[in-house]
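Single-structure report; data block below.
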Amino acid sequence: MCGIVAYIGHRQAYPVILKGLKRLEYRGYDSAGIALINHSLKLYKKRGKVVNLEESVLGQQVDGSVGIGHTRWATHGEPSDRNAHPHRSSNGKLAMIHNGIIENYALLKQELIKKGYRFQSDTDPEVLLYFIEDIQKKNGSSLEEALRIALKRVVGAYVIVLVDEDNPDTLLAARKGSPLVIGIGKGEHFLASDASPIVEYTREVVYVNDYEIAIIKPDELVLKNLGNERQTPYIQQLDLELAAIEKGGYDHFMLKEIFEQPQTIHDCLRGRLDMANKMITMPGIEKNMELIKNANRILIVACGTSWHAGLEAEYIIEELCRIPVEVEYASEFRYRNPVIHPGDMIIAISQSGETADTIVAIEKAKEQGAIILGVVNVVGSSIARLSHAGAYTHAGPEIGVASTKAFTAQLTVLTMIALMIAKEKGTISGERYLHLLNQLNELPEKVSKVLENVDLIKQVALRYVGASDALFLGRGYNFPIALEGALKLKEISYIHAEGYPAAEMKHGPIALVEETLPVVFVATKDASHEKIVSNIQEIKARKGKVIAVITEGDHIIQGMADDVLPVPETDEIVAPVINTIPLQLLAYYMGVD
Ligand code: GLU
Numbered sequence: 108m109c110g111i112v113a114y115i116g117h118r119q120a121y122p123v124i125l126k127g128l129k130r131l132e133y134r135g136y137d138s139a140g141i142a143l144i145n146h147s148l149k150l151y152k153k154r155g156k157v158v159n160l161e162e163s164v165l166g167q168q169v170d171g172s173v174g175i176g177h178t179r180w181a182t183h184g185e186p187s188d189r190n191a192h193p194h195r196s197s198n199g200k201l202a203m204i205h206n207g208i209i210e211n212y213a214l215l216k217q218e219l220i221k222k223g224y225r226f227q228s229d230t231d232p233e234v235l236l237y238f239i240e241d242i243q244k245k246n247g248s249s250l251e252e253a254l255r256i257a258l259k260r261v262v263g264a265y266v267i268v269l270v271d272e273d274n275p276d277t278l279l280a281a282r283k284g285s286p287l288v289i290g291i292g293k294g295e296h297f298l299a300s301d302a303s304p305i306v307e308y309t310r311e312v313v314y315v316n317d318y319e320i321a322i323i324k325p326d327e328l329v330l331k332n333l334g335n336e337r338q339t340p341y342i343q344q345l346d347l348e349l350a351a352i353e354k355g356g357y358d359h360f361m362l363k364e365i366f367e368q369p370q371t372i373h374d375c376l377r378g379r380l381d382m383a384n385k386m387i388t389m390p391g392i393e394k395n396m397e398l399i400k401n402a403n404r405i406l407i408v409a410c411g412t413s414w415h416a417g418l419e420a421e422y423i424i425e426e427l428c429r430i431p432v433e434v435e436y437a438s439e440f441r442y443r444n445p446v447i448h449p450g451d452m453i454i455a456i457s458q459s460g461e462t463a464d465t466i467v468a469i470e471k472a473k474e475q476g477a478i479i480l481g482v483v484n485v486v487g488s489s490i491a492r493l494s495h496a497g498a499y500t501h502a503g504p505e506i507g508v509a510s511t512k513a514f515t516a517q518l519t520v521l522t523m524i525a526l527m528i529a530k531e532k533g534t535i536s537g538e539r540y541l542h543l544l545n546q547l548n549e550l551p552e553k554v555s556k557v558l559e560n561v562d563l564i565k566q567v568a569l570r571y572v573g574a575s576d577a578l579f580l581g582r583g584y585n586f587p588i589a590l591e592g593a594l595k596l597k598e599i600s601y602i603h604a605e606g607y608p609a610a611e612m613k614h615g616p617i618a619l620v621e622e623t624l625p626v627v628f629v630a631t632k633d634a635s636h637e638k639i640v641s642n643i644q645e646i647k648a649r650k651g652k653v654i655a656v657i658t659e660g661d662h663i664i665q666g667m668a669d670d671v672l673p674v675p676e677t678d679e680i681v682a683p684v685i686n687t688i689p690l691q692l693l694a695y696y697m698g699v700d
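Taking our numbering, the leading residue of the sequence shown gets 108, the next gets one more, and so forth.
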């Protein structure tokens with residue numbers, strides 16, 4: 108994730124790159140760095156904001172008309188000056204920036220360490236850079252050839268850009284699975300993760316495709332595939348304004364992030380869900396599996412949307428792993444006197460990893476001998492550092508205030524953790540385990556299918572914008588999703604909304620139901636389907652308006668509800684990831700109107 112900017116041409120590269128990195132700041136990042144060539148190769152790197160980098164460079168010589176710059180969102184190795192990009196090759200000649208994850212870096216690193224390489228950082232891109240350097244040395248090949256050979260062995264996603272002190276009139280770039288735009292000027296080229304750093308210099312751009320290598324000189328751009336065949340660059344004219352580019356053409360970051368979910372869920376599964384070997388691998392969990400699987404009970408502490416992910420995890424872990432689970436609001440837990448025994452395990456869930464209540468809650472539990480397992484999005488954050496074990500959600504920076512893609516990534520990670528524990532404890536049959544792996548694997552595609560229904564969801568949302576209240580109901584695995592749907596609506600549209608277990612309606616809230624009240628049911632096919640059909644009847648009997656998230660082809664509910672939002676069929680354990688998507692869009696469109 109995050110940002111890259113590079114320049115080659117007749118201008119001073121440093122101001123162009125620095126300004127470009129500032130343009131990319133909206134994407135979120137934890138450190139920044141620039142490499143310039145002016146006879147020799149110079150690197151400037153700093154943890155924190157681009158302005159920190161700028162200040163640290165003040166007074167230094169920053170000449171050169173070729174350079175690369177990066178804002179990092181750490182995935183491997185904490186945010187620090189040392190781990191910031193660009194990285195330098197061991198012979199000092201090459202510098203490289205990278206966005207994405209090199210999944211097989213650990214294996215490559217071992218091979219390189221055996222050959223005598225010593226690493227300066229904890230990151231995956233440094234491994235790729237040394238690997239390229241090693242091929243160059245061993246085969247006597249050009250940098251371009253070495254890059255091609257290396258990329259054929261790389262598993263993962265990347266945009267990389269390389270500069271070579273010995274060949275300062277050429278930049279090399281490559282992409283797979285992360286974005287790269289090249290702006291074409293007169294005798295100059297601009298590279299960036301999106302067009303926002305480029306748009307003020309030129310409107311002519313080329314979007315590099317997956318598995319392409321770009322060889323860029325001031326006045327020449329050559330694209331090749333990994334088979335060394337030339338490709339014809341497809342030059343487009345940019346017609347978007349800066350603000351629109353930053354939001355990827357979407358009106359708001361929230362909408363952009365909702366639509367990123369097929370990719371973020373894919374990123375979250377990447378390198379973990381191993382369909383070839385029919386298993387899940389997460390080193391942070393495996394290393395501590397003895398402690399985890401023998402935990403007497405699990406306490407989940409979280410706030411807000413993360414608490415809803417925690418509630419879902421309670422249902423899933425109890426079902427699959429047969430370990431008792433309690434879910435706590437961190438803000439309550441920290442101020443009361445909870446009973447914690449050594450051997451209890453705490454799962455702390457937080458997007459930022461900096462949620463103050465959650466931090467204090469886990470510090471308290473840690474003092475009393477609990478094992479802490481962190482599920483956070485931001486690498487190296489306080490909760491990640493306080494945890495004994497954990498797994499990152501890899502959803503990329505979340506800019507929108509209402510959490511969307513971080514929530515579905517949390518659900519995905521927590522389901523994978525539950526499956527790992529269940530397999531280790533023998534509380535899941537081989538058949539069910541394999542079935543759920545397949546269901547996880549199909550998630551990105553099914554989420555894409557839901558997003559294709561955006562126009563329908565928008566139409567439904569617009570029918571209810573005038574509502575002053577709304578109820579969200581679900582049972583079983585769909586109950587936490589009902590809570591999350593209500594929270595999204597409150598946050599985004601300021602409409603008063605409540606989430607309830609559907610069967611609780613009859614114990615009071617049903618008195619509120621009247622003709623003007625929209626009642627949103629999360630009613631996909633699962634073990635409690637028949638029961639929720641009865642709950643829908645109860646609402647219809649009181650003339651409430653029913654909007655139902657249903658499994659495609661569910662004619663029973665379709666015949667009863669006022670509006671339906673169909674989603675693809677899946678197992679009830681992974682269904683929450685899919686079922687939450689229409690509710691995010693519903694909240695968004697009820698809010699923006
Ligand atoms: N995986 C790389 C790292 O942790 C790149 C992360 C990014 O895309 O910024 O350094």
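Don't be surprised by glycine CBs; every beta carbon is placed ideally from N, CA and C.
Of all the options the options, which has the alpha carbon lying nearest to the alpha carbon of residue i?
i           : options            : result
residue 566 : 620, 358, 583, 689 : 689
residue 386 : 544, 254, 318, 240 : 544
residue 528 : 568, 401, 512      : 401
residue 465 : 336, 414, 383, 556 : 414
residue 611 : 211, 643, 169      : 643
residue 580 : 547, 253, 617, 559 : 617
residue 206 : 231, 199, 196      : 231
residue 687 : 114, 239, 588, 221 : 588
residue 153 : 180, 145, 538      : 180
residue 590 : 683, 140, 450      : 683
residue 601 : 506, 633, 671, 700 : 700
residue 138 : 123, 166, 177, 316 : 177
Output needed for residue i: all residues of its chain with C-beta closer than 7 angstroms, excluding positions within five of it in sequence on either side, in chain order.
i           : result
residue 440 : 408, 468
residue 116 : 172, 292, 294, 295, 296, 325
residue 625 : 571, 574, 577, 652, 654
residue 531 : 396, 400
residue 239 : 253, 254, 257
residue 147 : 272
Starting from residue i, trace the beta strand (DSSP E) in both directions and tell me its first and last residue.
i           : result
residue 594 : From DSSP, residue 594 is part of no beta strand (DSSP E) but of the alpha helix (DSSP H) over 586-600.
residue 327 : 327-332
residue 657 : 652-658
residue 555 : It is not in any beta strand (DSSP E) - residue 555 instead sits in the alpha helix (DSSP H) that spans 550-559.
residue 361 : Per DSSP, residue 361 belongs to no beta strand (DSSP E); it is in the alpha helix (DSSP H), 360-366.
residue 324 : 319-324
residue 670 : 670-674
residue 481 : 478-483
residue 243 : Taken as a continuous stretch (DSSP letters only), residue 243 belongs to no beta strand (DSSP E), being part of the alpha helix (DSSP H) at 231-246.
residue 167 : From DSSP, residue 167 is part of no beta strand (DSSP E); its letter is neither H nor E.
So the alpha helix (DSSP H) residue i belongs to, where does it begin and stop?
i           : result
residue 417 : 411-428
residue 523 : 512-532
residue 296 : Here residue 296 belongs to no alpha helix (DSSP H); instead the beta strand (DSSP E) covers 296-299.
residue 697 : 682-699
residue 662 : 662-667
residue 496 : Segment 496-499 is the beta strand (DSSP E) holding residue 496; no alpha helix (DSSP H) there.
residue 351 : 349-353
residue 131 : Residue 131 -> no alpha helix (DSSP H), and no H or E assigned at all.
Bridge partners of residue i, per DSSP?
i           : result
residue 407 : 434, 454
residue 139 : 153, 178
residue 579 : 606, 627
residue 203 : 194, 269
residue 314 : 288
residue 114 : 174, 297
residue 283 : 265
Please work out which residues of its chain come closer than 6 angstroms, Cβ to Cβ, to residue i, disregarding the five sequence neighbours upstream and downstream, and give them in chain order.
i           : result
residue 484 : 458, 500, 502, 513
residue 462 : 410
residue 378 : 210
residue 344 : 310
Please work out which residues of its chain come closer than 8 angstroms, Cβ to Cβ, to residue i, disregarding the five sequence neighbours upstream and downstream, and give them in chain order.
i           : result
residue 332 : 318, 319, 320, 338
query = With contact counted as at least three CB pairs below 8 angstroms, one residue from each stretch, are the segment 305-313 and the segment 287-294 in contact?
reply = yes
query = With contact counted as at least three CB pairs below 8 angstroms, one residue from each stretch, are the segment 365-382 and the segment 510-525 in contact?
reply = yes
query = Should the segment 372-386 be regarded as contacting the segment 426-433, the criterion being three or more beta carbon pairs within less than 8 angstroms?
reply = no
query = Are there three or more Cβ pairs, one per stretch, closer than 8 angstroms when the segment 281-288 is compared with the segment 217-226?
reply = no
message = Between the segment 603-619 and the segment 546-565, can you find at least three pairs of beta-carbon atoms closer than 8 angstroms?
response = no
query = So, do the segment 590-598 and the segment 674-694 have three or more beta carbon pairs nearer to each other than 8 angstroms?
reply = yes
inquiry  = Taking contact to mean 3 or more Cβ pairs, one atom from each stretch, closer than 8 angstroms, check whether the segment 257-273 and the segment 168-188 are in contact.
reply    = yes
inquiry  = I want to know whether the segment 443-459 touches the segment 353-360 - three or more CB-CB distances under 8 angstroms.
reply    = no
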